[in-house]
Amino acid sequence: DIQMTQSPSSVSASVGDRVTITCRASQGISSWLAWYQQKPGKAPKLLIYGASSLQSGVPSRFSGSGSGTDFTLTISSLQPEDFATYYCQQANSFPWTFGQGTKVEIK
Amino acid sequence: EVQLLESGGGLVQPGGSLRLSCAASGFTFNSDAMSWVRQAPGKGLECVSVISGSGGSTYYSDPVKGRFTISRDNSKNTLYLQMNSLRAEDTAVYYCAKAGEGSGWKRFFDYWGQGTLVTVSS
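Chains as they are written, first to last, in our numbering: chain A, 110 to 216; chain B, 2 to 123.
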């Protein structure tokens, strides 16, 4: 199985901050990576797919980059509605696996 | 508007069975792979099963292989998960997810249901 490791596990930030979350795959996955946002008690929401493609309706302050084994999700200017947990997911091979999550908290 | 509505969750004893359903609308159901993704309380996400648009191909994660069966009725736009021999570690919110973005068997989950809670306990 491909292991997905996110860092940090949590980050405290203020509104307006730039936030970067990284995801590392245990083996190369090309660009078969997605990022999801999950708020408490809600289903995850797709933000980025194919490592860098913005899902329709997602604000442009979210961006993704990387390929192979190392990937990054960046929130350019954190907004109050962005406080949530973020997960990466690889779709290169079964089982499709997720990172353990990164919680973005209010500083 | 894409909608996915799960049902069938509840409390079941270890060793028992449960059948989850997911009613889909707002897209051409038979065109997309579908999946069940679960989340144990306070934990991360785990993809437990995937089925192709036609229903002819399926995938199961190792923890559920041989106990869970995924199926779909394209005439009813409904996805199912038959869960047998349930264990305490199967306790989770089960999400129905549309695996629409991607190609072939490399897919991402573009729409999710609200989830249904399955609790396995005596």
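Glycine included, every Cβ here is placed at the ideal spot set by N, Cα and C. As the structure is a computational prediction, the values presented were derived from the model and not from experiment.
Inset, instruction - Name, please, each residue of chain B whose Cβ falls closer than 9 Å to the Cβ of Gly-175 (chain A). - result: In the first sequence, counting from the first residue as 1, residue 175 (chain A) sits at position 66. Chain B residues near Gly-175 (chain A): none, gap ~15 Å exceeds 9 Å.
Inset, instruction - Just the C-alpha distance for Leu-182 (chain A) and Ser-58 (chain B), rounded to the nearest angstrom, thanks. - result: Along the first sequence, one-based indexing puts residue 182 (chain A) at 73. Along the second sequence, one-based indexing puts residue 58 (chain B) at 57. Rounded to whole angstroms, Leu-182 (chain A) to Ser-58 (chain B) spans 32 Å at the Cα level.
Inset, instruction - With a 10 Å radius around its C-beta and 16 neighbouring C-beta atoms as the bar for buried, classify Pro-117 (chain A) as buried or exposed. - result: Along the first sequence, one-based indexing puts residue 117 (chain A) at 8. The residue in question, Pro-117 (chain A), is exposed, as its Cβ has fewer than 16 Cβ neighbours within 10 Å.
Inset, instruction - Check each candidate in B:Thr-70, B:Leu-46, B:Thr-29 and name the one with the smallest Cα separation from Tyr-1 (chain B). - result: Lying outside 2 to 123, the shown extent of chain B, residue 1 (chain B) is not represented and no answer is given.
Legend entry - Pro-153 (chain A) at chain B interface by Cβ criterion, 8 Å: Counting from 1 along the first sequence, the entry for residue 153 (chain A) is found at position 44. Pro-153 (chain A) counts as touching chain B.
Inset, instruction - Could you tell me the boundaries of the beta strand (DSSP E) in which Asp-179 (chain A) lies? - result: Sequence index remark: in the first sequence, residue 179 (chain A) carries index 70 (1-based). First-last of the beta strand (DSSP E) with Asp-179 (chain A): 179-184.
Legend entry - Residue-chain proximity (Asp-144 (chain B), chain A), Cβ-Cβ < 8 Å: Past the boundaries of the shown model lies residue 144 (chain B); chain B is included only from 2 to 123, so the question cannot be answered.
Inset, instruction - Use the C-beta contact count for Ala-160 (chain A): other C-beta atoms within 10 angstroms, 16 or more gives buried, fewer gives exposed. - result: To locate residue 160 (chain A), count along the first sequence from 1; it is residue 51. Under this definition Ala-160 (chain A) is a buried residue.
Legend entry - Straight-line gap, Ile-130 (chain A) to Ser-122 (chain B) (C-alpha atoms, nearest Å): Indexing the first sequence from 1 puts residue 130 (chain A) at position 21. Indexing the second sequence from 1 puts residue 122 (chain B) at position 121. Straight-line Cα distance between these residues: approximately 37 Å.
Inset, instruction - Classify Val-124 (chain A) as buried or exposed, calling it buried when 16 or more other Cβ atoms lie within 10 Å of its own Cβ. - result: As a first step, residue 124 (chain A) must be located in the first sequence, where it is residue number 15. With fewer than 16 other Cβ atoms within 10 Å, it is exposed.
Inset, instruction - Give the straight-line distance between the Cα atoms of Ile-138 (chain A) and Gly-177 (chain A), rounded to the nearest whole angstrom. - result: Against the first sequence, residue 138 (chain A) aligns to sequence position 29. Against the first sequence, residue 177 (chain A) aligns to sequence position 68. Cα to Cα, the separation comes out at about 5 Å.
Inset, instruction - Specify whether the stretch 112-119 of chain B and the stretch 82-99 of chain B touch according to this definition: at least 3 beta carbon pairs, one from each stretch, less than 8 Å apart. - result: yes
Inset, instruction - Please say whether Arg-108 (chain B) and Ala-34 (chain B) have beta carbons closer to each other than 8 Å? - result: Here residue 34 (chain B) refers to the residue found at position 33 of the second sequence. Here residue 108 (chain B) refers to the residue found at position 107 of the second sequence. Contact: yes.
Inset, instruction - Note down, in chain order, every chain B residue with its Cβ under 8 Å from the Cβ of Ala-158 (chain A). - result: Here the question's residue 158 (chain A) lines up with position 49 in the first sequence. Note that residue 158 (chain A) corresponds to Tyr in the displayed sequence, not to Ala. Near Tyr-158 (chain A) (Cβ distances below 8 Å), the residues of chain B are Glu-102, Gly-103, Phe-109, Asp-111.
Inset, instruction - Using a cut-off of 7 Å between C-beta atoms, extract the partners of Cys-23 (chain B) located in chain A. - result: Taking the first residue of the second sequence as 1, we reach residue 23 (chain B) at position 22. The contacting residues do not exist; Cys-23 (chain B) stays about 12 Å from chain A at best.
Legend entry - Endpoints, beta strand (DSSP E) assigned at Trp-37 (chain B): Along the second sequence, read from residue 1 onward, the residue named residue 37 (chain B) stands at position 36. First-last of the beta strand (DSSP E) with Trp-37 (chain B): 34-40.
Inset, instruction - Answer yes if the stretch 76-93 of chain B comes into contact with the stretch 15-24 of chain B, meaning at least three C-beta pairs across the two stretches below 8 Å, and no otherwise. - result: yes
Inset, instruction - For Ala-200 (chain A), return the contacting residues in chain B, with the cut-off set at a CB-CB distance below 7 Å. - result: Within the first sequence, the letter at position 91 stands for residue 200 (chain A). Ordered by position in chain B, the residues that pass the 7 Å Cβ test against Ala-200 (chain A) are Gly-103, Lys-107, Arg-108, Phe-109.
Inset, instruction - Just the chain B side, please: which residues come within less than 8 Å of Phe-207 (chain A) by C-beta, in chain order? - result: Sequence index remark: in the first sequence, residue 207 (chain A) carries index 98 (1-based). By Cβ distance, chain B contributes Gly-45, Leu-46, Glu-47, Cys-48.
Inset, instruction - Report the option in A:Glu-214, A:Phe-207, A:Lys-216, A:Val-213 whose CA atom is closest to the CA atom of Ser-135 (chain A). - result: Numbered from its first residue, the first sequence carries residue 135 (chain A) at position 26. Closest option to Ser-135 (chain A), Cα to Cα, is A:Phe-207.
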